[in-house]
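Residue numbers (my numbering): 9 to 188. Backbone N, C-alpha and C fix where the C-beta goes; we use that ideal spot for every residue, glycine too. Notes follow once the structure below has been shown.
Here it is as structure tokens:
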């Protein structure tokens with residue numbers, strides 16, 4: 009068997025759908041981590057700049073934000089490992105079973121492994137939708153507060169009847185983000 013036959017056999021055993029899904033998973037996790045980290049950092053700056061009246065308010069919010077940043081990093085590492093497991097399972101179910109048993113046969117272990125990963129993936133997809141919903145709310149509040157601050161600052165500059173300080177735009181206490 010020559011080098012060409014070996015390369016063709018090796019390339020034919022690659023589970024391309026699993027490889028593409030793994031790359032999409034990693035791209036999504038990178039996007040989630042980057043955007044989540046940036047949104048939390050900007051929220052911290054926004055709270056520190058506009059809303060922190062005393063040090064205790066800011067310390068509580070800063071520790072809360074740091075906690076969520078660590079949660080984001082933990083989720084990223086978990087999904088990185090889970091993506092490797094799914095990719096390995098994709099390689100196992102395509103190449104090893106094909107070489108050992110032929111094209112259309114599978115083992116009980118392979119079926120059980122695939123079923124387990126499918127069930128776990130559906131459960132994780134549901135949990136991920138819940139995580140997405142809870143992480144979308146703070147991002148919405150960040151953009152809402154930034155836009156309101158921007159609009160009030162522009163109105164304060166252009167309208168002489170609005171007597172507004174540049175550092176006051178709204179209070180995070182009305183959203184329940186800080187204690188009264």
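Give the DSSP-derived three-state secondary structure of residue 138 in the structure shown.
As a first step, residue 138 is located in the chain shown; it is residue number 130 there, counting from the start. Helix at residue 138.
Looking only at its chain, what residues have a beta carbon closer than 7 angstroms to the beta carbon of residue 119, apart from the 5 residues adjacent to it on each side?
Looking up residue 119 in the chain shown gives position 111. In its chain, beyond the 5 residues on either side, no residue has a beta carbon closer than 7 angstroms to the beta carbon of residue 119.
Between which two residues does the alpha helix (DSSP H) containing residue 28 stretch?
Taking the first residue of the chain shown as 1, we reach residue 28 at position 20. Per DSSP, residue 28 belongs to the alpha helix (DSSP H) from 24-54.
Closer than 8 angstroms is the cut-off here; do at least three beta carbon pairs connect the segment 39-54 with the segment 147-161?
These segments touch.
Below 8 angstroms on the Cβ atoms is my guess for residue 84 versus residue 37; work out the distance and round it to an integer in Å.
Start at 1 with the first residue of the chain shown, and residue 84 comes out as number 76. Start at 1 with the first residue of the chain shown, and residue 37 comes out as number 29. With 8 angstroms as the limit, residue 84 and residue 37 qualify as a contact, their Cβ atoms being about 5 angstroms apart.
Throw me the rounded Cβ distance for the residue 27 and residue 95 pair, which I believe falls under 8 angstroms.
Walking along the chain shown from the start, residue 27 turns up at place 19. Walking along the chain shown from the start, residue 95 turns up at place 87. At roughly 7 angstroms, the Cβ-Cβ gap stays under 8 angstroms, so residue 27 and residue 95 are in contact.
List the endpoints of the continuous alpha helix (DSSP H) containing residue 12.
For the purposes of this step, residue 12 is taken as the residue at position 4 of the chain shown. Element bounds for residue 12: 11-20.
Keeping to the same chain, check which residues put their C-beta closer than 7 angstroms to that of residue 70; ignore five residues upstream and five downstream.
Working through the chain shown from its first residue, we reach residue 70 at position 62. Scanning its chain for C-beta atoms nearer than 7 angstroms, with the 5 sequence neighbours on each side dropped, one finds around residue 70 the residues 52, in chain order.
Between the CA atoms of residue 125 and residue 14 - distance to the nearest angstrom
In the chain shown, counting from the first residue as 1, residue 14 sits at position 6. In the chain shown, counting from the first residue as 1, residue 125 sits at position 117. In this structure, the straight-line span from the alpha carbon of residue 14 to that of residue 125 is close to 30 angstroms.
Residues in the same chain with beta-carbon distance under 8 angstroms from residue 101, minus the five sequence neighbours each way, listed in chain order, please.
As a first step, residue 101 must be located in the chain shown, where it is residue number 93. Around residue 101: 23, 114, 118, 121 and 122.
Inter-residue Cα distance where the pair is residue 128 and residue 25
Position 120 of the chain shown, counting from 1, holds the residue named residue 128. Position 17 of the chain shown, counting from 1, holds the residue named residue 25. Distance between the alpha carbons of residue 128 and residue 25 is about 18 angstroms.
Please classify residue 166 as buried or exposed, where buried requires at least 16 neighbouring CB atoms within 10 angstroms.
Residue 166 sits at position 158 when you count from the first residue of the chain shown. Under this definition residue 166 is an exposed residue.
For residue 75 and residue 82, I'd like the C-alpha separation in whole angstroms.
For the purposes of this step, residue 75 is taken as the residue at position 67 of the chain shown. For the purposes of this step, residue 82 is taken as the residue at position 74 of the chain shown. CA-CA distance, residue 75 to residue 82, rounds to 11 angstroms.
What is the rounded straight-line gap between the Cα of residue 34 and the Cα of residue 164?
Taking the first residue of the chain shown as 1, we reach residue 34 at position 26. Taking the first residue of the chain shown as 1, we reach residue 164 at position 156. Residue 34 and residue 164 have their C-alpha atoms spaced approximately 45 angstroms apart.
Please check if any C-beta of chain C sits within less than 8 angstroms of the C-beta of residue 15.
You won't find chain C in this structure, because it holds only one protein chain.
Beta-carbon separation of residue 30 and residue 91 under 8 angstroms?
Within the chain shown, the letter at position 22 stands for residue 30. Within the chain shown, the letter at position 83 stands for residue 91. Cβ atoms of residue 30 and residue 91: closer than 8 angstroms.
Exposed or buried, residue 42, counting other C-beta atoms within 10 Å across all chains shown (16 or more means buried)?
Translated into positions along the chain shown, residue 42 becomes position 34. Exposure of residue 42 is indicated by the presence of fewer than 16 other C-beta atoms within 10 angstroms of its C-beta.
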